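Colleague: Going by my numbering, the sequence shown runs without a break in its numbering and finishes at 555.
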Amino acid sequence: MVASHQAQRKELARGGSLSFVGSAFSAGMGFVLTVIVSRLMGAEGAGLFFQVTGIFAMVLAFAKFGMDSTSIYLIPRVKVDDAPKVFSAAVACVGTALGVSVLLTAVMEVLSPFIWAEENGVLRDAVRAVMLLVPFGAVMLTVTAILRSLGSVREYVLISNIALPLLRPIFVVIAILGAGSIAVVSVAWAVPFVLLSVVAGGLVMQHIKVLEGAVLGPRLPSWQRWFEVWRFATPRTVSAGLEQALAWLPVLMIGWLLSDQAAGVYGGAARFIQAGLLVDAALRVVVSPKFSALLHRKQNEQVCELYTTASIWLVLLASPAYVLLGIFSPVFLGLFGEEFVPGALSLSILALGMAVTFMAGNIHSLLIMSGRSGWAAANKAIVLVICVVGNLVLIPAFGLPGAALVWMVCQVLDALLAAVEVRVFLGISMQPLEVLRPLAVVLAAFGLPACAVLVLWGNTLMSLCVTGGGGVVVFFVLCWKLREELQLDGLLATLHAQQNR
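In structure tokens:
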């Protein structure tokens, strides 16, 4: 069993390392995009852009009808039970995403003039323009999820984490310099979905042909398969839509209750938090299909071991970014321009909330891959109500920090609810010591030195560089000393093997 755990850690490290590189690149390009929009369009223009892309993200979350998560849940199980039926299962997922997204796009085109009145004409026109690309986004997300579930992490990373974030800034810069309108810039941001959905579809077909071999399975899904897909996806759709609403509603409500400029400032702060999610995204790409396959085989002990290892690595590798973001928030926001610096306190609160939430690990993926997507949706519904009510009360009273505080409470509560449900349904729970140990390493390497440097030199770019540079050295020393306790053996073995190739 020990050998099995070691092999599982090495496999997690191998896939996670590749996914981490892709996620890091994606986060970097996302930051570049935010700098471009903020510098070239100002806080008010950035606020409008963030609102449009936020609306797109929320609509897309419902339009894909949970087919990305459904693919990751379903395809590995079909692959284990009856590989020739993978094609028909993929058809069910892609067909559902396409049909629902086209229908929802038509609904949004009809309702947009009624939702946004004449005084919000710029926002309305931009939303109507970008909605036309929602079906392409739904198909691309579904097809790339199928790539993940078939075990092709490399191709998934190249499309979703390299090509998509690389093309966006290029198209957006061309749009800003060429036209400059919010509608054109927003469409340029979404155009890569069109190109990459075609590329991803071709790759999936190649993998399915290899998987089927000489034995061709059914081309069309059975009614039982359609029902299975829709049954799993319906609560997941609600959950994913509510999840995007939790991410973007604060920006929209700030634009409504305060101003577009305030929405731009908060959106800039939120961009840093999203960029810091790269470790979580990298691990989730690898562990979600494995959770599904292991749970399907009822190998709960290996699920628990995988969840524990991934949680330790998530806290260890993701927390340094949030420690630095929380302490040096004025420096980070100053990169967008001086008009963004007033959002520093909000960024510090957001960073604290994310660091605390990560202590639960990939708990949401584990809950969903166990087939309890309905419970995940219920959690999101509860949290969304708190989000709306809290923002209505705290944004007028406290401004941007109020919105950040509500977001932090919502994220922590969502993770706690999922953790309780996973413990009840699966008997899997995280021992506090397992995540407190890597957190202590991060605080010793970055937190305490940052506070000392802050007192000596103030909140400056130089202070950030000194803290980051020195912290990295201390961090690696502590990781080496505590490599067994931090379960880094699989990661180190993988890196050593790659170095010797």
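Just so it is clear, CB atoms sit at the ideal spot from N, CA and C, and this is done for glycine as well.
On a predicted model such as this, the values are computed, not experimentally measured, just so you know.
1) Applying the 10 Å Cβ sphere with the 16-neighbour rule, what's the burial state of Q553?
2) Along the chain, where does the alpha helix (DSSP H) that runs through F529 open and close?
3) Am I right that L387 and A316 are in contact with their C-beta atoms under 8 Å? What's the rounded C-beta distance?
4) Can you give the Cα-Cα distance for L540 and A472, rounded to whole angstroms?
5) Quick one: give me the first and last residue of the alpha helix (DSSP H) that F345 is part of.
6) Closer than 8 Å by C-beta to L401: which residues in its own chain qualify, once you throw out the five before and the five after it? Chain order, please.
7) For M423, name the three-state secondary structure that DSSP assigns.
8) With a threshold of 6 Å on Cβ separation, who are the neighbours of L515 within its own chain once the five nearest residues in sequence on each side are excluded?
9) For W277, which option in A146, M185 and A217 has the closest C-alpha, if you only look at C-alpha atoms?
10) If you pair each beta-carbon of the segment 343-351 with each one of the segment 121-141, do three or more pairs fall below 8 Å?
11) Counting only the same chain and skipping the five closest in sequence on each side, list residues whose C-beta sits under 8 Å from that of G391.
12) Assuming contact is defined by CB atoms lying nearer than 8 Å, are I449 and I308 in contact in what I supplied?
13) What three-state label does DSSP hand W170 in the structure shown?
14) Would you please state the rounded distance, in angstroms, between the beta carbons of L337 and P492? I believe it to be under 8 Å.
15) So what's G84 in DSSP terms, helix, strand or just coil?
16) What does a CB cutoff of less than 7 Å around G358 pick up in its chain, not counting 5 residues either side in sequence?
17) Could you give the residue range of the alpha helix (DSSP H) that holds V238?
18) Using C-beta distances below 8 Å, list every residue in its chain close to C441, excluding the 5 sequence neighbours before and after it, in chain order.
19) Work out the CA separation of E297 and S77 for me, nearest whole Å.
20) Cβ atoms of A372 and D334: under 8 Å apart, would you say?
21) Whole angstroms are fine: how far does the CA of M83 sit from the CA of R28?
22) If you check the beta carbons only, do V90 and P246 fall under 8 Å apart?
23) Going by DSSP, what residue range makes up the alpha helix (DSSP H) through A498?
24) What does the alpha-carbon distance come out to for the pair Q356 and P343?
25) State yes or no: is the beta carbon of V132 nearer than 8 Å to at least one beta carbon in chain B?
26) Ignore the nearest five residues each way along the sequence and tell me which others in R426's own chain have a CB closer than 7 Å to its CB.
27) May I ask you to verify whether the segment 186-194 touches the segment 234-254, counting CB pairs closer than 8 Å and requiring at least 3?
Modeller: From the atom records:
1) Your numbering for residue 553 matches position 499 in the sequence shown. Because Q553 sits at a pLDDT of 38, beneath the cut-off of 50, its placement in the model cannot be relied upon, and the point is left open.
2) What you label residue 529 is simply residue 475 of the sequence shown in a count that begins at 1. Note, F529: alpha helix (DSSP H), L515 to K535.
3) Here residue 387 refers to the residue found at position 333 of the sequence shown. Here residue 316 refers to the residue found at position 262 of the sequence shown. Not a contact, Cβ separation roughly 13 Å.
4) On the sequence shown, position 486 is the one that residue 540 refers to. On the sequence shown, position 418 is the one that residue 472 refers to. About 24 Å.
5) Here residue 345 is taken as the residue at index 291 of the sequence shown, counted from 1. L332 to H350 is the span of the alpha helix (DSSP H), which, as asked, contains F345.
6) Start at 1 with the first residue of the sequence shown, and residue 401 comes out as number 347. A323, F326, I327, L379, G380, S383, F386, L387 and A458, listed in sequence order.
7) The residue given as residue 423 occupies position 369 in the sequence shown. Reduced to three states, the DSSP call for M423 is helix.
8) Taking the first residue of the sequence shown as position 1, residue 515 is located at position 461. Cβ within range, chain order: V385.
9) Indexing the sequence shown from 1 puts residue 277 at position 223. Nearest C-alpha to W277: A146.
10) yes
11) In the sequence shown, counting from the first residue as 1, residue 391 sits at position 337. These residues qualify, in order along the chain: S92, R93, G96 and A97.
12) The residue given as residue 449 occupies position 395 in the sequence shown. The residue given as residue 308 occupies position 254 in the sequence shown. A contact, by the Cβ cut-off of 8 Å.
13) Taking the sequence shown and counting its residues from 1, one reaches residue 170 at position 116. In this structure, W170 counts as coil in the three-state DSSP scheme.
14) Along the sequence shown, read from residue 1 onward, the residue named residue 337 stands at position 283. Along the sequence shown, read from residue 1 onward, the residue named residue 492 stands at position 438. That pair is no contact at about 13 Å.
15) As a working mapping, residue 84 is identified with position 30 in the sequence shown. Of the three classes helix, strand and coil, the one that applies to G84 here is helix, per DSSP.
16) Reading the sequence shown from its first residue, position 304 is the one you call residue 358. Looking at the sequence shown, residue 358 is not Gly but Cys. Contacts found: I482.
17) Translated into the one-based positions of the sequence shown, residue 238 becomes position 184. Residues I236 to A244.
18) What you label residue 441 is simply residue 387 of the sequence shown in a count that begins at 1. A299, L300, L303, P304, V460, W461 and C464, listed in sequence order.
19) By one-based count along the sequence shown, residue 77 stands at place 23. By one-based count along the sequence shown, residue 297 stands at place 243. Their backbone Cα atoms lie some 20 Å apart in a straight line.
20) Looking up residue 334 in the sequence shown gives position 280. Looking up residue 372 in the sequence shown gives position 318. Contact flag set, yes.
21) Nothing can be reported for residue 28, as the shown portion of the chain is limited to 55 through 555.
22) What you label residue 90 is simply residue 36 of the sequence shown in a count that begins at 1. What you label residue 246 is simply residue 192 of the sequence shown in a count that begins at 1. Sequence inspection shows Ile at residue 90; the Val mentioned does not correspond to that position. Contact flag unset, no.
23) Start at 1 with the first residue of the sequence shown, and residue 498 comes out as number 444. Per DSSP, A498 belongs to no alpha helix (DSSP H) and is neither H nor E.
24) By one-based count along the sequence shown, residue 356 stands at place 302. By one-based count along the sequence shown, residue 343 stands at place 289. Computed Cα separation, rounded: 13 Å.
25) Absent here is chain B; the protein component of the structure consists of one chain.
26) Taking the sequence shown and counting its residues from 1, the one referred to as residue 426 is at position 372. Cβ within range, chain order: E475 and F479.
27) yes
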